[in-house]
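> Position 56 of the sequence shown, counting from 1, maps to 55 under numbering that gives the first Met the number 0, and the rest follow consecutively.
C-beta: ideal position from N, C-alpha, C; glycine also.
In this text, all values refer to a predicted model and were calculated from it rather than measured experimentally.
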Amino acid sequence: MVTMPDNVKPIAQVEDKTRYDAAGEAALLLVESLIHELIDRSVLSVDDAVKTVNAAVEIRLELADDRDESRKTTEQSVSLLMAIYQSLLTYSGATI
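1) What number of angstroms, rounded off, separates the C-alpha of V42 from the C-alpha of N53?
2) Label A26 either buried or exposed according to how many other C-beta atoms from any shown protein chain fall within 10 Å of its C-beta, with 16 as the threshold for buried.
3) Do V56 and V77 count as a contact pair if the criterion is CB distance below 7 Å?
4) Excluding the 5 residues preceding and the 5 following Y90 in the sequence, name in chain order all residues of the same chain whose CB lies nearer than 6 Å to its CB.
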């Protein structure tokens, strides 16, 4: 029987991870676009959007503690949320 070394992943797992990353990226882009659209239509204020992103960061950090996940995973996730936060700074008159 042939065994695979620990540092080599089967192709199926690599493809699944790629699909997962693509789905996550698409979902994040959709949410960020929706936030900006709601702000543009004056349905959501920039301040409320910022509060929502800050809440998401806090929840994400709590989940990381509960899951005992790696620091790298947590930092990557929070970094993505902070990118949305930074995109909210593009609004003139933002009081962030």
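Let's see:
1) The straight-line gap from Cα to Cα measures roughly 19 Å.
2) Label assigned to A26: exposed.
3) In contact: V77 and V56 (Cβ atoms closer than 7 Å).
4) Closer than 6 Å at the Cβ level, and outside the excluded window around Y90, lie V45.
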